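Numbering (this note's numbering), first residue to last: 354 to 444. The structure under discussion appears below in the form of structure tokens.
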Amino acid sequence: MSITHQFLYQFVEIFFQLLDIAIVARILLSWFEVKSRGRLIQIIMETTDPIFRVARQITPRTGMVDFSPLVALIGLDFIQYVIIRILATLL
354 MSITHQFLYQ FVEIFFQLLD IAIVARILLS WFEVKSRGRL IQIIMETTDP IFRVARQITP
414 RTGMVDFSPL VALIGLDFIQ YVIIRILATL L
């Protein structure tokens, strides 16, 4: 495995892990009343809003339960898998 291939693979892995962490953090923030709107919370919100917007368009409304975070996590895992497979075939 070349250094370039290894770097790209690790970059994709870390990028999607950070997105997963941001989504889980957003879920936890929605469970608790957060009075502070610090910079970290703004970054989490700004990062996850576009992802949730797409997930909410895909997910049917089910009353009080919002399944969009679950759909977002599954969708991101699928996208990560596809990118890794493409990298594996190209490099």
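Quick reminder that beta carbons are idealized off the backbone N, C-alpha and C, glycines included. Nothing here was measured: the structure is a model prediction, and the numbers come from that model.
For residue i, I'd like the list of residues in its chain whose CB is within less than 6 Å of its CB, leaving aside the five on either flank, ordered along the chain.
| i | result |
| --- | --- |
| threonine 412 | Phe420, Ser421, Val424 |
| isoleucine 397 | Ala375, Ala378, Arg379 |
| isoleucine 436 | Val365 |
Tell me the DSSP secondary structure of residue i in three-state form.
| i | result |
| --- | --- |
| threonine 415 | strand |
| valine 387 | coil |
| serine 355 | coil |
| phenylalanine 364 | helix |
| phenylalanine 431 | helix |
| leucine 372 | helix |
| phenylalanine 405 | helix |
| leucine 423 | helix |
| leucine 440 | helix |
Can you name, in chain order, every residue of its own chain whose Cβ lies under 8 Å from the Cβ of residue i, other than the five neighbours on each side?
| i | result |
| --- | --- |
| threonine 400 | Leu372, Ala375 |
| leucine 361 | Leu440, Leu444 |
Considering only the beta carbon of each residue, do residue i and residue j sit closer than 8 Å?
| i | j | result |
| --- | --- | --- |
| leucine 445 | serine 355 | Lying before the first or after the last residue shown, residue 445 is absent from the chain, which here runs from 354 to 444. |
| alanine 394 | leucine 381 | Checking the sequence, you will find isoleucine at residue 394 rather than alanine. The answer is no: Cβ separation not under 8 Å. |
For residue i, collect the residues of the same chain with a Cβ closer than 7 Å to its Cβ; drop the 5 residues on either side in sequence, then sort them by chain order.
| i | result |
| --- | --- |
| phenylalanine 369 | Leu429, Gln433 |
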